[in-house]
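In the numbering used here, the protein residues as written are 34 to 330. A virtual CB, placed ideally from N, CA and C, is assigned to each residue, including glycine.
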Ligand code: SF4
C-alpha cells in the first residue's frame, strides 16, 4: 500500500502505517477471510497501487499503539503472547496472530478499539468468529482452548453519557467473553474450508467478475421506502419496509406511489481501501452522483 501524509503528521505515523506483514501467494490471514471475498482479492491484487493517507488510518494506528503498549508486558508462565500461527487448510495456509493465550484458563484474548455503539447494540458476531478461528488454530497446535475474550477500548466513550443512559457502557474499557463448544469448532472448520473454496474460485476470476460483497459485508444501511406525491419532490414519509409504507398510505389517505431508496454501502464509501478498483462501487458512485446532479438541476 502506498502511504501518503497529506496533513504532514509526524513521520512516526507514516512508519507505523507502512509496517505490513507480507503473505505468501497461497497464504491468507484470518482477518482477510472475515472480509468479503471481493475485497480480499482486490486488496491483494492491487496492494502496491492502493493509496491511503495516514490521517485516514488514525484509528488503525491507535489500535496498533494499544497493542504495542500491551505487548511490552511480561507474560506469565502459562501464557503465550502475540504469536503468529500458521495452519494448513486444504491447499492454503491460514495465518493469524492473537494477542494473548492463557493455558490455565484455556482462553484466548484479543485487544480491540471500538465505538460505544458496538456495545450498545451488542454487535459481537465478527469478534466471536475471529476468536473462534484463533482458538481452532491453537487446537491444531495441540493447545486446549475453550474460551475467547475481547478487551475493547471505546474510543468515543463519554463519562457524561454513562451517567445519563442506562444502556451506555459505564467504563471506557469493556470486556466480552465467549465460550466455544465442540460443535462450534466443527462448524468453524467447515466454514474455513468453504471460504477457501470460494477464494480458490475467485482467484480464477478477473476483478469485475468477483462476487460482490454481501450487504452485511458492505455495511449496507438497508433500503428505505419513500411515500411520494405527484408534483412534490420530497417524500411525505420515509419508512423501513414497503409494507409499512403501504399501511401509512392507507391509514393517512395520502401519497400516490412508493419510491425505493437503496441503502447506503457505508463500507464501500468510507472504509474499503479497495473501492477504487471495485466496479460495483464505481458504478454505485456514478449513479449516486448522477442522481444528485438531477435533483439539484
Ligand atoms: S467497495 Fe464494497 S463491494 Fe467493493 S470490495 Fe469494497 S466492500 Fe466490497
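- The beta carbon of residue 257 sits closer than 6 Å to the beta carbons of 271, 294 from its chain, once the five residues preceding and following it are set aside; these are given in chain order.
- DSSP places residue 104 outside both helix and strand once states are collapsed to three, so it counts as coil.
- Any heavy atom of ligand 1 counts here; residues with a Cβ closer than 7 Å to one of them, in chain order, are 69, 71, 72, 75, 245, 246, 250, 251, 298, 300, 301, 305, 307, 308, 311, 313, 314.
- Rounded to the nearest angstrom, the gap between the Cα atoms of residue 177 and residue 323 is 56 Å.
- Just so you know, the alpha carbons of residue 155 and residue 279 end up roughly 32 Å apart.
- Around residue 94, the same chain offers 46, 49, 50, 87 as residues with beta carbons nearer than 8 Å, after the five sequence neighbours per side are excluded.
- In the three-state reduction of the DSSP assignment, residue 201 falls in the coil class.
- Looking at 83, 129, 157, 298, the one whose alpha-carbon comes closest to that of residue 253 is 298.
- Counting along the chain, residue 235 sits inside no beta strand (DSSP E); it lies in the alpha helix (DSSP H) bounded by residues 215–236.
- Annotation for residue 153: no beta strand (DSSP E) segment contains it, though the alpha helix (DSSP H) segment containing it runs 149–153.
- Counting only the Cα atoms, residue 169 lies some 24 Å from residue 74.
- Measuring C-alpha to C-alpha distances from residue 175 to each of 118, 189, 229 identifies 118 as the nearest.
- A check of alpha carbon separations from residue 236 across 166, 59, 44 identifies 59 as the nearest.
- Looking at the DSSP output, residue 292 bridges to 259.
- For residue 180, the enclosing beta strand (DSSP E) starts and ends at 180–187.
- Residues of the same chain with their beta carbon placed closer than 7 Å to that of residue 52 are lacking, with the five preceding and five following residues left out of the count.
- For residue 86, the enclosing beta strand (DSSP E) covers residues 84–86.
- Nearest to residue 301 by alpha-carbon distance, out of 273, 246, 291, is 246.
- Only residues of its own chain outside the window of five on either side were considered, and among them 34, 35, 36, 37, 50, 306 have a CB closer than 8 Å to the CB of residue 85, listed in chain order.
- DSSP places residue 120 in the strand class (E or B) of the three-state scheme.
- About 6 Å separates the beta carbon of residue 129 from that of residue 62, a gap short enough to meet the 8 Å contact definition.
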